[in-house]
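A.B. asks:
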Amino acid sequence: MKSLPELEDLLLNEIQNNLNKERISENHYYYNEYTGYISVLLASILEKKLLNDTDWSSNRWIDDSLLTKLKLSDEKLSIWGAMIWGVKNSTEQWTEPFYFEFKFRNEKINNYTFLFSDLNHDEITYEEFSNNRSCWDRDYYRTDEWSPSEREWKYIITD
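Following this line, the structure appears as structure tokens:
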């Protein structure tokens, strides 16, 4: 199992090698197929961070994420999406929204913010989510900007 610094280095490497501004500027329902291992690295980083939170059960595991919007500038990347998680000894999975933003400079991640789980809306099963894949984003935000401040987040993780 990789350490948090190793996962962060892998994430930076994936971003440098797999993100293309042209591809990101195109409209896609999900960006996972254009972003290498970024979705699973985000899931792994979030899981490591949540293990230190007493409110997050250690019986939970995070599987992956679906990337629904990306915004890239010279020194900042913003990612919106749905995180997919489950409980040990069960095959059922749930989804919750997330927002990830980080700044990078000189081939290194300077700092990042991970916002996860809507404080005012319970998680939904993956089955429910598959019937309405826009529930956490396109159907939620008031404008195309998808301001993360429109949502009250349960977990606010900064590094």
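Counted the way the working numbering counts, the sequence shown spans residues 1075 to 1233. We put the CB at the ideal spot given by N, CA and C, even for glycine.
(1) If I'm right that Tyr1105 touches Leu1141 with Cβ under 8 angstroms, what's the distance once you round it to whole angstroms?
(2) What does DSSP give as the partner residues of Ser1139 in its beta bridges?
(3) Which class does Glu1197 belong to by DSSP, given the choice of helix, strand or coil?
(4) Is Arg1225 helix, strand or coil by DSSP?
(5) Looking at C-alpha atoms only, which residue of Glu1202, Met1157, Leu1093, Ser1164 is the closest neighbour of Phe1188?
(6) List the DSSP bridge partners of Gln1167.
(7) Secondary structure at Lys1150, three-state DSSP: helix, strand or coil?
(8) So, at 6 angstroms on beta carbons, what are the nonlocal neighbours of Val1161 in its own chain, with the 5 sequence-adjacent residues on each side left out?
(9) Leaving out five residues on either side along the sequence, give the residues of the same chain with a beta carbon under 8 angstroms from the beta carbon of Ser1113.
(10) For the region 1085 to 1141, list the alpha helix (DSSP H) runs that are entirely contained and at least 4 residues long, ordered along the chain.
(11) Among the candidates Glu1224, Tyr1215, Ser1118, whose CA atom is the shortest distance from the CA of Ile1136?
(12) Under three-state DSSP, which class holds Ser1191?
(13) I'd like to know whether the C-beta atoms of Ile1174 and Tyr1186 end up nearer to each other than 8 angstroms.
(14) Going by beta-carbon coordinates alone, are Tyr1200 and Thr1169 separated by less than 8 angstroms?
C.D. replies: Walking through what the data contain:
(1) About 4 angstroms; that satisfies the 8 angstroms criterion.
(2) Met1157
(3) coil
(4) coil
(5) It is Met1157 whose Cα lies nearest to the Cα of Phe1188.
(6) Gly1160
(7) strand
(8) Result list for Val1161: Asn1133, Arg1134, in chain order.
(9) Cβ within range, chain order: Asn1106, Asp1138, Ser1139, Leu1140, Leu1141, Gly1155.
(10) Whole alpha helix (DSSP H) segments, 4+ residues: 1095 to 1099, 1112 to 1124.
(11) Comparing Cα-Cα distances from Ile1136 to each of Glu1224, Tyr1215, Ser1118, the minimum goes to Ser1118.
(12) strand
(13) Residue 1174 is actually Phe in this sequence, not Ile. Result yes, Cβ atoms of Phe1174 and Tyr1186 sit closer than 8 angstroms.
(14) yes
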